[in-house]
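Here is the structure we will look at, set down as structure tokens.
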Amino acid sequence: MQGLRALAVLLVMLYHIWFSRVSGGVDIFLMLSAYFLTASTAKRISRGERPKVLGAWAHRFSRLVPQAAVVIVSIIAASWLLLPSNKWPALIDQSFASLLYKQNWYLAANQVDYYNFDHSSSSPLQHFWSLSVQGQIFIIWPLVLAFCAVVWKLFFSKINFSWVAGAAFAIIFAGSLSYSIQITASNQQIAYYHTGARLWEFALGSLVALAMPLFEKLPQMLRRFGGWAGLATVVSCGALMDVQGQFPGYMALVPTVGAALIIAAPAPRRWANPAGILSVAPLTKLGDLSYGMYLWHWPLLVFYLGLSGNAEAGFLAGSVLIAVSIALAWCSTNLVEKPLAQWQSTVDFGGFPVGRQAQLVGGLLVLVIGVGAASIPALAWEGKVEYRRTVAATQSATENPGATAPKDWDPSPAALTLPLATDLEGEWQTPGEGCSGENSPDDERIIFCSQGGDFAPGKPVLLLLGDSHIQHWSDAASKMMENSGGSWIMVYHPGCRYGSDAARDVQECADFQDAAQEYVARIAPTWVMATGSMTAASYDEDGRSPGEQEYLVDNFDESIQPFLEAGSKVIAVRDTPRYEYSIPECADSKKSDTTRCDRAASERLNAVNPVDEWLDSKDYGSKVISLDLTELLCPEGTCKAVIGNVLTYLDDTHLSKTFVDSAADEFEAAFRRATGYKGHSSEG
Numbered sequence: 012m013q014g015l016r017a018l019a020v021l022l023v024m025l026y027h028i029w030f031s032r033v034s035g036g037v038d039i040f041l042m043l044s045a046y047f048l049t050a051s052t053a054k055r056i057s058r059g060e061r062p063k064v065l066g067a068w069a070h071r072f073s074r075l076v077p078q079a080a081v082v083i084v085s086i087i088a089a090s091w092l093l094l095p096s097n098k099w100p101a102l103i104d105q106s107f108a109s110l111l112y113k114q115n116w117y118l119a120a121n122q123v124d125y126y127n128f129d130h131s132s133s134s135p136l137q138h139f140w141s142l143s144v145q146g147q148i149f150i151i152w153p154l155v156l157a158f159c160a161v162v163w164k165l166f167f168s169k170i171n172f173s174w175v176a177g178a179a180f181a182i183i184f185a186g187s188l189s190y191s192i193q194i195t196a197s198n199q200q201i202a203y204y205h206t207g208a209r210l211w212e213f214a215l216g217s218l219v220a221l222a223m224p225l226f227e228k229l230p231q232m233l234r235r236f237g238g239w240a241g242l243a244t245v246v247s248c249g250a251l252m253d254v255q256g257q258f259p260g261y262m263a264l265v266p267t268v269g270a271a272l273i274i275a276a277p278a279p280r281r282w283a284n285p286a287g288i289l290s291v292a293p294l295t296k297l298g299d300l301s302y303g304m305y306l307w308h309w310p311l312l313v314f315y316l317g318l319s320g321n322a323e324a325g326f327l328a329g330s331v332l333i334a335v336s337i338a339l340a341w342c343s344t345n346l347v348e349k350p351l352a353q354w355q356s357t358v359d360f361g362g363f364p365v366g367r368q369a370q371l372v373g374g375l376l377v378l379v380i381g382v383g384a385a386s387i388p389a390l391a392w393e394g395k396v397e398y399r400r401t402v403a404a405t406q407s408a409t410e411n412p413g414a415t416a417p418k419d420w421d422p423s424p425a426a427l428t429l430p431l432a433t434d435l436e437g438e439w440q441t442p443g444e445g446c447s448g449e450n451s452p453d454d455e456r457i458i459f460c461s462q463g464g465d466f467a468p469g470k471p472v473l474l475l476l477g478d479s480h481i482q483h484w485s486d487a488a489s490k491m492m493e494n495s496g497g498s499w500i501m502v503y504h505p506g507c508r509y510g511s512d513a514a515r516d517v518q519e520c521a522d523f524q525d526a527a528q529e530y531v532a533r534i535a536p537t538w539v540m541a542t543g544s545m546t547a548a549s550y551d552e553d554g555r556s557p558g559e560q561e562y563l564v565d566n567f568d569e570s571i572q573p574f575l576e577a578g579s580k581v582i583a584v585r586d587t588p589r590y591e592y593s594i595p596e597c598a599d600s601k602k603s604d605t606t607r608c609d610r611a612a613s614e615r616l617n618a619v620n621p622v623d624e625w626l627d628s629k630d631y632g633s634k635v636i637s638l639d640l641t642e643l644l645c646p647e648g649t650c651k652a653v654i655g656n657v658l659t660y661l662d663d664t665h666l667s668k669t670f671v672d673s674a675a676d677e678f679e680a681a682f683r684r685a686t687g688y689k690g691h692s693s694e695g
């Protein structure tokens with residue numbers, strides 16, 4: 012059994028580190044935890060002992076928490092020192108979620124994709140999801156077994172307890188598996204972390220534990236054949252099966268049933284049995300360390316990939332990661348877990364309490380110490396973040412002028428750059444309120460629609476149309492319109508560039524473009540502002556720079572025709588530069604010289620604005636206008652990460668609200684120069 016535990020964790024480590032695939036090892040590990048718990052508890056109940064729920068909780072968690080606390084504290088320290096501060100808020104939340112065994116619900120609520128194998132951008136605490144599910148089951152299972160014991164004593168004392176408990180776990184197995192199949196098909200990302208979708212794996216482990224006397228009555232040859240088939244299945248399922256998007260539904264039966272066949276195989280440690288392989292000394296010794304190996308391998312991998320900049324670990328680096336994981340697991344097991352377990356079993360509080368009560372108190376004390384030891388650095392980290400927010404709030408406007416900073420402006424060395432990288436969630440621009448009245452889109456294909464300003468004099472003056480790259484100018488555009496007595500509407504769909512035929516490959520985007528075209532033509536605003544070009548983030552496989560890849564949106568001219576026919580004028584905005592790295596992360600890691608995050612405009616953007624080139628070949632006159640705001644972001648030919656002590660971007664491609672707000676006057680001046688707009692009264 013220890014060898015099987017080691018095999019399951021080794022599969023998890025190998026597939027995470029080298030193959031970027033799901034191995035099924037986690038499912039086996041979860042199943043085995045229920046097997047051990049049920050086997051030991053059912054045996055005591057069958058002997059007539061009363062189930063001790065509180066004692067079971069204290070025993071299990073006092074074994075789990077110490078190593079987990081050590082790993083969490085290590086991750087907090089490493090993240091605080093090594094990771095950019097924009098990752099801190101989520102990691103602080105995850106530290107508490109992991110410590111309190113609810114990390115799976117945190118990840119589900121935040122829609123974290125377990126199958127996103129860019130591990131360099133993953134959380135070093137993400138793997139605590141399975142330990143959280145396991146911890147929740149360790150709370151539920153003793154209660155289920157205690158309930159079964161009561162039912163058995165009251166109504167079925169003449170039959171074996173295993174039949175009563177088996178019936179209960181069979182019901183849990185059937186219900187959870189059905190639910191798992193259903194939710195995996197409808198929302199796999201939620202299903203992967205959902206405790207209810209995982210209950211059946213634990214129930215299967217419990218059923219195997221209760222059914223062992225029946226398995227032992229089967230012919231040895233049959234059990235031996237099943238065991239070898241199970242071992243082959245466990246080892247190969249991750250490599251042979253495409254499990255992405257299908258776990259933990261019925262597909263997870265493959266590794267777990269394979270593990271069940273191994274458990275049911277003959278136990279004698281002979282080479283004719285799977286036990287002969289699984290009981291070899293290296294595997295059994297690793298079985299003792301398996302919990303620690305699982306805890307350590309993932310953060311080591313995430314930190315290595317993030318700091319090295321590599322997309323994956325090669326053979327040598329992966330081998331080192333595995334060796335270090337085993338070494339750290341040995342340390343945390345033998346220097347933390349086992350000494351505390353030994354102390355708990357022999358603790359003496361001066362004669363009272365004694366025996367089991369003393370062990371219970373000792374276990375609870377270990378829990379308090381473990382949770383407290385991990386909570387203190389997490390709270391200190393959280394306090395650091397709050398302190399920086401307080402300092403930032405007290406800074407004067409002259410310390411963060413942003414786009415209004417004069418050329419000879421000299422920032423204070425002590426002033427924090429805004430927005431703080433820990434507060435980027437508030438940097439998305441969503442001005443105004445939901446579209447209403449005549450402006451309310453009746454078409455459900457339009458999801459995001461907002462409006463502002465004075466609509467009383469008539470139709471809206473400006474309508475912003477497109478994706479998030481039109482959204483990130485919305486604060487400046489809305490302020491300009493409202494200050495001039497005009498009105499505005501914004502209709503957008505993230506990731507869906509209006510007019511792009513290439514984007515129509517995604518049905519949701521195609522639907523939005525069709526619905527938006529009809530809506531805008533019906534509204535017939537004075538101006539329709541849409542992004543006319545498309546920029547790239549990195550060099551392509553042909554060696555072309557991002558600038559060389561900038562192009563006019565492929566079907567832009569045809570897509571704006573209905574607006575022109577409705578009497579609107581079109582403002583074709585040049586796209587903003589994109590980066591292959593996060594601007595806040597880069598600026599945070601290069602505080603001493605943020606210019607190292609800058610890039611030449613000639614590298615990021617085409618030498619000629621594709622919109623201007625297109626308009627030169629057309630005869631739209633004043634009906635279609637080019638608006639190029641590049642100078643705001645790339646003054647004197649350099650695209651800046653920080654301007655006037657303000658981050659220009661909130662990530663790798665979207666402008667920060669703080670910067671756009673600082674550039675509102677410059678935006679308005681550029682808009683007026685391009686369009687001749689002088690205010691609502693002149694437009695009406």
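Just so it is clear: in the sequence shown, position 197 is 208 by our numbering, and no numbers are missing.
The C-beta atom is built at its ideal place from N, Cα and C for all residues, glycine as well.
A quick note: this is a predicted structure, and the numbers were derived from the prediction, not measured.
- Residue nearest to ALA214 within the set ALA322, TYR190 and ALA179 is ALA179 (criterion: CA-CA distance).
- In the assembly as shown, ALA45 is a buried residue. Its beta-carbon has 16 or more other beta-carbons within 10 Å.
- Per DSSP, the unbroken beta strand (DSSP E) holding GLN462 starts and ends at 459-464.
- For MET501, the enclosing beta strand (DSSP E) stretches over residues 498-503.
- Rounded to whole angstroms, the Cβ separation of LEU210 and GLY237 is 25 Å, and the two are not in contact under 8 Å.
- Shortest Cα-Cα distance from GLU596 to any of ALA185, TYR190 and LEU435 involves LEU435.
- Residue environment for GLY317: buried (at least 16 other C-beta atoms within 10 angstroms of its C-beta).
- Three or more Cβ pairs drawn from the segment 243-254 and the segment 264-281 lie within less than 8 Å of each other, which places the two stretches in contact.
- According to the DSSP assignment, ILE288 belongs to the alpha helix (DSSP H) that extends over 285-289.
- Here MET232 is exposed: its Cβ has fewer than 16 other Cβ atoms, across all protein chains shown, within 10 Å.
- Secondary structure at MET12: coil, using DSSP grouped into helix, strand and coil.
- For GLU348, the CB contacts under 7 Å within the same chain, skipping 5 residues up- and downstream, are ARG74, PRO77 and GLN78 in chain order.
- For the options TYR261, LEU306 and ALA119, the alpha carbon positioned closest to that of SER189 is the one of TYR261.
- Cβ-Cβ separation between ALA176 and LEU221: approximately 6 Å, consistent with a contact (criterion under 8 Å).
- Separation of the CB atoms of ALA598 and THR428 is rounded to 7 Å, and the pair is thereby assigned contact status at 8 Å.
- The closest CA to that of VAL155, considering only ALA120, PRO430, TYR530 and PHE172, is found on PHE172.
- ALA583: member of the beta strand (DSSP E) spanning 580-584, first to last residue.
- Under a 10 Å Cβ-count criterion, VAL472 is classified as buried, with 16 or more other Cβ atoms of the shown protein chains found around its own Cβ.
- Restricting attention to alpha helix (DSSP H) runs no shorter than 4 residues, the segment 160-226 encloses them at 172-197, 199-204 and 210-226, ordered along the chain.
- Taking the Cβ atoms as the reference, THR195 lies roughly 6 Å from PRO259, within the contact range of under 8 Å.
- Rounded to whole angstroms, the separation of the alpha carbons of ALA19 and PHE40 is 6 Å.
- Using a 10 angstroms sphere on the CB of LYS54, the tally of other CB atoms stays under 16, which defines it as exposed.
- By the Cβ-count criterion, LYS113 is buried, with 16 or more other Cβ atoms from all chains shown falling within 10 Å of its own Cβ.
- In the three-state reduction of the DSSP assignment, TRP538 falls in the strand class.
- THR587 carries a coil assignment under DSSP once its states are collapsed to helix, strand and coil.
- Annotation for ALA532: PRO573, PHE574 and ALA577 place their beta carbon closer than 7 Å to its own, counting only its chain and skipping 5 residues before and after.
- The alpha-carbon of THR433 is positioned some 38 Å away from that of GLU212.
- At the C-beta level, MET540 and VAL584 come within 8 Å of one another.
- VAL33: not part of any beta strand (DSSP E); DSSP gives it neither H nor E.
- Between TRP484 and THR686, the CB-CB gap reaches or exceeds 8 Å.
- In this chain, VAL358 is not harboured by any beta strand (DSSP E), its DSSP state being neither H nor E.
- DSSP places SER301 inside the alpha helix (DSSP H), whose first and last residues are 292-319.
- Note that the segment 441-460 does not touch the segment 415-430; fewer than 3 beta-carbon pairs, one per stretch, sit closer than 8 Å.
- Boundaries of the alpha helix (DSSP H) harbouring SER613: 612-615, taken from the DSSP string.
- Judged by DSSP in its simplified three-state form, LEU94 adopts coil rather than helix or strand.
- Inside the segment 546-577, DSSP marks whole alpha helix (DSSP H) runs of 4 or more residues at positions 557-560, 567-570 and 572-576, from first to last along the chain.
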